[in-house]
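J.:
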Amino acid sequence: RAPTLYEEAGPTQVEFDPAVFDDVQGYAAEHTSRAPTLYEAIEENTLKFMPTGAHMVSGGAQGRLLAALASMTRNGRVLEIGTFTGMATCCFAEGVEAGGG
898 RAPTLYEEAG PTQVEFDPAV FDDVQGYAAE HTSRAPTLYE AIEENTLKFM
948 PTGAHMVSGG AQGRLLAALA SMTRNGRVLE IGTFTGMATC CFAEGVEAGG
998 G
């Protein structure tokens, strides 16, 4: 048997550079379209009324990803099990609507 390309080259060692991950949220925010103002209101109200759980809200970049994924579903079907203050649910609904569902 001939060795595979991976076996010939051997495993690649990549050095971890923490500087690459210093501002992932900032990078995502700069390269993501702006979320509707409704989402800002959800985040503000969650912080105001449930401050200990505010970290569980899907943020702007994550919300944009959820909306994009939902827009690609067949027949506009999305199943969300468990919701907190509705941020992800709104993102899914936005994506389904954008996808024609």
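Position in the sequence shown counted from 1, then plus 897, gives you the working numbering.
Don't be surprised by glycine CBs; every beta carbon is placed ideally from N, CA and C.
Please read these numbers as outputs of a predicted model, since none were measured by experiment.
Using the C-alpha atoms, what's the distance from alanine 926 back to alanine 916?
T.: 17 Å
J.: Drop a sphere of 10 angstroms on the beta-carbon of glycine 957, count the other beta-carbons inside from all chains shown, and report buried for 16 or more, exposed for fewer.
T.: buried
J.: Could you pull the start and end residues of the alpha helix (DSSP H) that glutamate 937 belongs to?
T.: 934-946
J.: I need the straight-line Cα distance from glycine 996 to alanine 990, nearest angstrom please.
T.: 10 Å
J.: For glutamate 977, does the three-state DSSP call read helix, strand or coil?
T.: coil
J.: May I ask which residues mark the beginning and end of the alpha helix (DSSP H) holding methionine 984?
T.: 984-995
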